[in-house]
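Residue numbers (my numbering), protein chains in the order written: chain E, 907 to 983; chain P, 907 to 983; chain Y, 907 to 983; chain A, 907 to 983; chain G, 907 to 983; chain X, 907 to 983.
6 protein chains.
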Amino acid sequence: MSKSWLPTLFTDTPEEGYALAIKLSRTGVKLTQPDTEVLTRLRPIYADDPDSLVAVSQVIAINFQTVAAANGYWKAA
Amino acid sequence: MSKSWLPTLFTDTPEEGYALAIKLSRTGVKLTQPDTEVLTRLRPIYADDPDSLVAVSQVIAINFQTVAAANGYWKAA
Amino acid sequence: MSKSWLPTLFTDTPEEGYALAIKLSRTGVKLTQPDTEVLTRLRPIYADDPDSLVAVSQVIAINFQTVAAANGYWKAA
Amino acid sequence: MSKSWLPTLFTDTPEEGYALAIKLSRTGVKLTQPDTEVLTRLRPIYADDPDSLVAVSQVIAINFQTVAAANGYWKAA
Amino acid sequence: MSKSWLPTLFTDTPEEGYALAIKLSRTGVKLTQPDTEVLTRLRPIYADDPDSLVAVSQVIAINFQTVAAANGYWKAA
Amino acid sequence: MSKSWLPTLFTDTPEEGYALAIKLSRTGVKLTQPDTEVLTRLRPIYADDPDSLVAVSQVIAINFQTVAAANGYWKAA
Chain E
907 MSKSWLPTLF TDTPEEGYAL AIKLSRTGVK LTQPDTEVLT RLRPIYADDP
957 DSLVAVSQVI AINFQTVAAA NGYWKAA
Chain P
907 MSKSWLPTLF TDTPEEGYAL AIKLSRTGVK LTQPDTEVLT RLRPIYADDP
957 DSLVAVSQVI AINFQTVAAA NGYWKAA
Chain Y
907 MSKSWLPTLF TDTPEEGYAL AIKLSRTGVK LTQPDTEVLT RLRPIYADDP
957 DSLVAVSQVI AINFQTVAAA NGYWKAA
Chain A
907 MSKSWLPTLF TDTPEEGYAL AIKLSRTGVK LTQPDTEVLT RLRPIYADDP
957 DSLVAVSQVI AINFQTVAAA NGYWKAA
Chain G
907 MSKSWLPTLF TDTPEEGYAL AIKLSRTGVK LTQPDTEVLT RLRPIYADDP
957 DSLVAVSQVI AINFQTVAAA NGYWKAA
Chain X
907 MSKSWLPTLF TDTPEEGYAL AIKLSRTGVK LTQPDTEVLT RLRPIYADDP
957 DSLVAVSQVI AINFQTVAAA NGYWKAA
């Protein structure tokens, strides 16, 4: 049985939660374009384009909303 | 009676929830452009375009918010 | 008295909720450009454009969030 | 004392709520470009552009989320 | 001690809440491009571009979600 | 042990919360393009482009939603 790439949304800290949000964002791209070679070719293109970078950080922000909510915003309040 | 393509938002695991989010995203495209031939022709175009890929992963992120909320973020907290 | 196009956000199933999300998305376009002739002319343009299709599916995703929340994500949890 | 353009987020029906979401979306544009003459000139441009129409319907969808939440999704559940 | 530009998210009315959402949106731009001269030069460009205007109203809509939630949608319900 | 860049989502005031939202937005960009030299080269490009500025302020708005929710919108209500 292969290990799940997403066993849980719970993390110990906000920083780990942010890392999970990045993982969620990247997986969305990978599952749409599974050809690693194409992805490797595309990466320098969008990593060098200001608008693409902002768009990527928007996807991360949306996923971070989900992860933060799942973790009760890391409690307190 | 044909089977529903979306009988429930509940999934056993976050990974299956993410798969459902992808299904929701693709269905949005399919119901707007039901011609499979056109979709098949368009797919290599956007799968090769960094901005399109990021846009697709944004739609997945929004749908994943819905699925994760439906599942109580797979409990705990 | 004319019938409301949006009498309720409640639906029996997630699939019907998704259909309502599509209706909400299309109405947003129709109320901005009420000229049916223009809409009919524009439709083949965006239905053939990968980026437009993704943008449409994003609007559907946002509206589906609203409909799913209204229906308590079709209960359970 | 001039009347408020936004005295409340509460509406009797979902349809009126949707109309309020459109009003919120238009006001965002109007307060950014208060020159009515410019707005009148721009309107036919974006109302004829598929991508602009979809973008407008996205803003409406976001505002409708707010209005629907304010109204408890018009109860029940 | 200089006064905070954002002492609170609470407002007396929805209309004031909308004004605060606009303030939040503009501050995001100002903190990214603090050079007032550049901003003054850019303003007529995007205020005359339909797509920019719609994009601005989308940011306002997102911020208005936050302000409206903070104020319990100005109660009732 | 290096210090976390994101030890908590809690802040004392809305203004500090907004500053944290900006930090979250910038980190999304930095983690996608870790080459500081490239970032330094790109910055004047998007800081001078109205659409990029609006896009950046949208990411900030999304992150501010998360931070504001984490802080119970700085209480009251």
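Glycine residues also receive a C-beta, built at the ideal position from the N, C-alpha and C atoms.
Is there a Cβ from chain E that is less than 8 Å from the Cβ of Ala976/P?
Ala976/P does not count as touching chain E.
Using a Cβ-Cβ cut-off of 6 Å (strictly less than) and excluding sequence neighbours within five positions of Asp955/E, which residues of its own chain qualify?
There are no such residues.
Mind checking Ile968/X: buried by the 16 CB within 10 Å criterion, or exposed?
Answer is buried; the Cβ neighbour count reaches 16.
In the structure shown, what three-state DSSP assignment does Pro940/G receive?
In the structure shown, Pro940/G falls within a coil segment according to DSSP collapsed to helix, strand and coil.
Would you kindly work out how many angstroms separate the C-alpha atoms of Tyr924/A and Thr972/Y, rounded to a whole number?
Cα atoms of Tyr924/A and Thr972/Y: separation of roughly 12 Å, rounded to the nearest angstrom.
Excluding five sequence neighbours on each side, which residues of the same chain lie with their C-beta closer than 7 Å to the C-beta of Thr933/X?
Excluding residues within five positions, the ones whose Cβ falls inside 7 Å are Trp911.
Burial state of Val965/P, where buried means 16 or more other Cβ atoms lie within 10 Å:
With at least 16 other beta carbons inside 10 angstroms of its own, Val965/P counts as buried.
Drop a sphere of 10 angstroms on the beta-carbon of Pro920/G, count the other beta-carbons inside from all chains shown, and report buried for 16 or more, exposed for fewer.
Counting Cβ neighbours within 10 Å, Pro920/G comes out buried, since at least 16 surround it.
Among Asn977/G, Phe970/G, Trp980/G, Lys981/G, the one whose alpha carbon lies nearest that of Ser931/G:
Looking at the Cα atoms, Phe970/G is the closest of the given residues.
Please tell me whether Asn977/E and Thr914/E are closer than 8 Å, where the distance is taken between their beta carbons.
No, the Cβ-Cβ distance between Asn977/E and Thr914/E is not below 8 Å.
Would you say Gln985/E reaches chain X, if we count a Cβ-Cβ gap shorter than 8 Å as a contact?
Chain E is shown only over 907 to 983; residue 985/E falls outside these bounds and no answer can be derived.
Spatially closest choice to Pro940/Y from Ala953/A, Leu948/A, Leu926/A, Arg947/A, by CA coordinates:
Checking every option, the nearest Cα to that of Pro940/Y belongs to Ala953/A.
Contact residues within the stretch 953-966 of chain Y, judged by C-beta distance below 9 Å to chain P
For the stretch 953-966 of chain Y, the beta-carbon criterion of a distance under 9 Å to any beta-carbon of chain P is satisfied by Ala953, Asp954, Asp955, Pro956, Asp957, Ser958, Leu959, Val960, Ala961, Val962, Ser963, Gln964, Val965, Ile966.
Buried or exposed: where does Ala974/G fall if 16 or more other Cβ atoms within 10 Å of its Cβ makes it buried?
Buried is the call here.
Using the Cβ count rule (16 or more neighbours within 10 Å means buried), how would you classify Ile928/E?
By the 10 Å Cβ count, Ile928/E comes out buried.
Which same chain residues, not among the five before or five after Met907/P, have their C-beta less than 8 Å away from its C-beta?
The predicted model places Met907/P with a pLDDT of 49, which falls under 50 and marks its position as unreliable; any figure quoted below should be read in that light. When the five nearest sequence neighbours on each side are left out, no beta carbon in the same chain lies closer than 8 Å to the beta carbon of Met907/P.
Beta-carbon gap between Lys1003/A and Leu948/A smaller than 8 Å:
Here chain A has residues from 907 to 983 only, and residue 1003/A is not among them.
With Val960/E and Ser958/X assumed to form a contact (beta carbons below 8 Å), what rounded beta-carbon distance in angstroms separates them?
Rounded, the Cβ-Cβ distance is 6 Å, consistent with contact.
Residue range of the alpha helix (DSSP H) that includes Phe970/E
In this chain, the alpha helix (DSSP H) harbouring Phe970/E covers 956-976.
Report the rounded CA-to-CA distance for Ile951/X versus Thr938/G, giving the unit in angstroms.
Across the structure, Ile951/X and Thr938/G are spaced so that their CA atoms are roughly 12 Å apart.
Under a CB-based cut-off of 8 Å, is Phe970/A close to chain Y?
Yes, contact with chain Y.
Can you give me the Cβ contacts of Trp980/A inside the same chain, cut-off strictly under 6 Å, excluding the 5 residues immediately before and after it?
Only residues of its own chain outside the window of five on either side were considered, and among them Pro920 have a CB closer than 6 Å to the CB of Trp980/A, listed in chain order.
Does Thr919/X get closer than 8 Å to chain G when you measure Cβ to Cβ?
Output row for Thr919/X: interface = yes.
Tell me whether Ser931/A sits in a helix, a strand or coil according to DSSP, three-state version.
Three-state DSSP puts Ser931/A in a helix.
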